Amino acid sequence: MDRFDLCVVGAGPSGYAAAMRAVDFGKRVLLIERGNIGGAGVTNGALSSKTWWELARNVDLLYKNRKRYNINAPDVNFDILKQEVSNAVEERKEMLLQHLERLHSTKVNGLVTFLHGEAYILSPNQVQVKTEKGTEVYETDYIVLATGSRPRMLPDIPIDEEIIFTSDGIGNLKDFPKSMVILGAGVIGCEFATIFSSIQKTKVHLIDKGEHILPFEDPDVVGVIEKNMEDHGVLIHRNSRMIRMDIVDGEVEYELEYTSGLKEVFRVEKALVSVGRVPNYEGMGLEEIGLEMDGRGIIDNDTQTSIPNIYAVGDITADIALVNVGELEGRYAVERIFGTPARKLVYENISTIMFLNPEVAGVGLNQKQAEAKGIDYKVAVVDYSCIPRAIARRNTQGFVKMLVTNDEKMKVLGMRVVGNHASSAMQAVALLISMSAGIDELAECVHPHPSIPEGIQECVRLLLGKSTFKPNAVNGKMAYKICENGTCKNVYS
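Quick note on numbering: this note's numbering labels position 20 of the sequence shown as 168, and the sequence is numbered without any gaps.
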């Protein structure tokens, strides 16, 4: 019976990262994946959807610049765009596979064995793997579970991944639907609403149970996104509850009830159900070996589960379901197993980006979160129209917003950037948050010119009372407020 130092179940972002970190320690690693290498992060998630978004953004730019370049409306070919997405996915998968093969053949820093098959945990030190060649049992000192998640299904909706589909079924589309309803106004739902409405071949309906989409974000952020969606023809069903969704004559019929009591029935060609994801932990023997779980995922303490030599990372836990977070957890778990992590695993400085129109990037707390925690803060906002790079791009829609503590130290609490190149300077601010540092150093840092990060610098200077532009002289394009007990007051009148 072959023995390994570490067995990693799942070769998505978190599992792959864990395996590669174990290689750094010179350990023998068994990496098992039952589906596609790279997991949902490549095939049905981040890479594929963001490739769609990039292509859709290019189409949108053609529409916007028709008069400037005297061109007709673009004739968008669905098959070509779909092939581009497929090419991107296959390119990444091939790179990951070739990397594994070379590590295995050259035995660089240790031996990585990759198996495509079904894993079943027989005991804390034994893993059974079923492949095309048969079933084998392997001994291992440690196990890292990284089996990811899948789209949440709703029992009353007949999801067939053809007419009514989840994000996993996007690849089954044969053409742009003439109309489509999206159930769920969170990040994934809003990203796909952005993609299809930008290409302008699909009338998009978006069902939102609340007053606004993206309920976790601040109203000023949401306002920009909603305006652009509606300018692109998206019908947002606000304050609505879906009573039913059925397939009728090959199309989708859905009925809504609004908070006013009004009921309406709509008919569209396709439907996308985007109501979150659920962890993949069934059928692996975890209950049989006594691993603690709940409805949200495997229960862990800094990646370590209730069984000391078994760790869980990525979407299978109840932590933040993001590729960069999964990779961070995978690496951290292996560092705990074979070494000592240089720093504690924290989530306060995780940078995020939402691929909407325009982009929305963030790190740390927004105003809603700060107020929910009862934190008093100072906030500065600089409009994109004050940033030369945005002016040069001929697109000044957006803003930079930074929150700091309401004291002399002015430690960074969080930042949101809405607009083109929104994520270009997140890491500097994320580093300040992780260091629990103030903003003085960032104010004096010389930023490249012209660049979007100059807007962040101006935000910091505004908080320090030494901005280039003065808020009371730029007609509402800048703001500096002190927020205490849920009430914000302008510093400059």
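By construction, the Cβ of each residue, glycine as well, lies at the ideal position given by its N, Cα and C atoms.
In this text the structure is predicted, and so the values were computed from the model without any measurement.
By the Cβ neighbour-count rule, residue 242 is exposed, with fewer than 16 other Cβ atoms within 10 Å of its own. Within the segment 560-599, the beta strand (DSSP E) runs of at least 3 residues that lie entirely inside it are, in chain order, 560-566.
Judged by DSSP in its simplified three-state form, residue 460 adopts strand. For residue 515, there is no enclosing beta strand (DSSP E); the residue is found in the alpha helix (DSSP H) stretching over 515-520.
Minimum Cα-Cα distance from residue 415 among the listed residues 424, 402 and 406 corresponds to 402. A distance below 8 Å separates the beta carbons of residue 356 and residue 333. For residue 639, the secondary structure class from DSSP, reduced to helix, strand or coil, is coil.
Contact check for residue 526 against residue 630 passes: the beta carbons are separated by less than 8 Å.
The beta carbon of residue 412 sits closer than 6 Å to those of 404, all from its chain and outside the five residues before and after it, given in chain order. In the same chain as residue 266, and ignoring 5 residues on each side of it, the C-beta atoms closer than 6 Å to its own belong to 182 and 278, in chain order.
With distances taken between CA atoms, residue 150 lies nearest to 286 out of 446, 286 and 626. Contact annotation: residue 185 and residue 251 have beta-carbon atoms that are not nearer than 8 Å. With contacts defined by Cβ atoms closer than 8 Å, residue 230 and residue 503 do not form a contacting pair. Taking 8 Å as the cut-off, the Cβ atoms of residue 419 and residue 301 do not count as close.
Non-local beta-carbon contacts of residue 222 in its own chain, meaning distances under 8 Å to residues more than five positions away in sequence, involve 207, 210 and 211 in chain order. By alpha-carbon distance to residue 196, the top candidate from 237, 536, 216 and 516 is 237. Per DSSP, residue 266 is one residue of the beta strand (DSSP E) stretching across 266-271. Counting along the chain, residue 152 sits inside no alpha helix (DSSP H); it lies in the beta strand (DSSP E) bounded by residues 151-157. Secondary structure note for residue 205: it is in no beta strand (DSSP E), and the uninterrupted alpha helix (DSSP H) holding it is 194-212. Taking residue 339 as reference, the option from 506, 520, 456 and 368 with the minimal CA-CA separation is 506.
The Cβ-Cβ distance between residue 417 and residue 325 falls below 8 Å. With contacts defined by Cβ atoms closer than 8 Å, residue 169 and residue 483 form a contacting pair.
Relative to residue 592, the option among 371, 368 and 605 whose CA is nearest is 605. Each residue's CA atom was taken as its position, placing residue 190 and residue 584 some 34 Å apart. When secondary structure is reduced to three states using DSSP, residue 372 falls in the helix class. DSSP places residue 276 in no alpha helix (DSSP H) but in the uninterrupted beta strand (DSSP E) bounded by 274-279. Look at residue 316 here: in three-state DSSP terms it is helix. The C-beta distance from residue 496 to residue 437 rounds to 33 Å, too long to meet the 8 Å contact threshold. Note: residue 528 is bridge-paired with 550 and 628 in the DSSP secondary-structure output. Excluding sequence positions up to five before and after residue 530, its CB lies within less than 6 Å of the CB of 548, 603, 606, 607 and 626, all in the same chain and listed in chain order. For residue 432, no beta strand (DSSP E) encloses it, and the DSSP letter there is neither H nor E.
Put simply, of 514, 486, 359 and 292 the residue whose alpha carbon is nearest the alpha carbon of residue 275 is 292. Just measuring C-alpha positions, the residue of 187, 281, 375 and 178 sitting nearest residue 249 is 178. In the structure shown, residue 411 adopts extended strand secondary structure according to DSSP, grouped into three states.
Taking 8 Å as the cut-off, the beta carbon of residue 541 is found no closer than this to the beta carbon of residue 599. In this structure, the CA atom of residue 481 is about 13 Å from the CA atom of residue 494.
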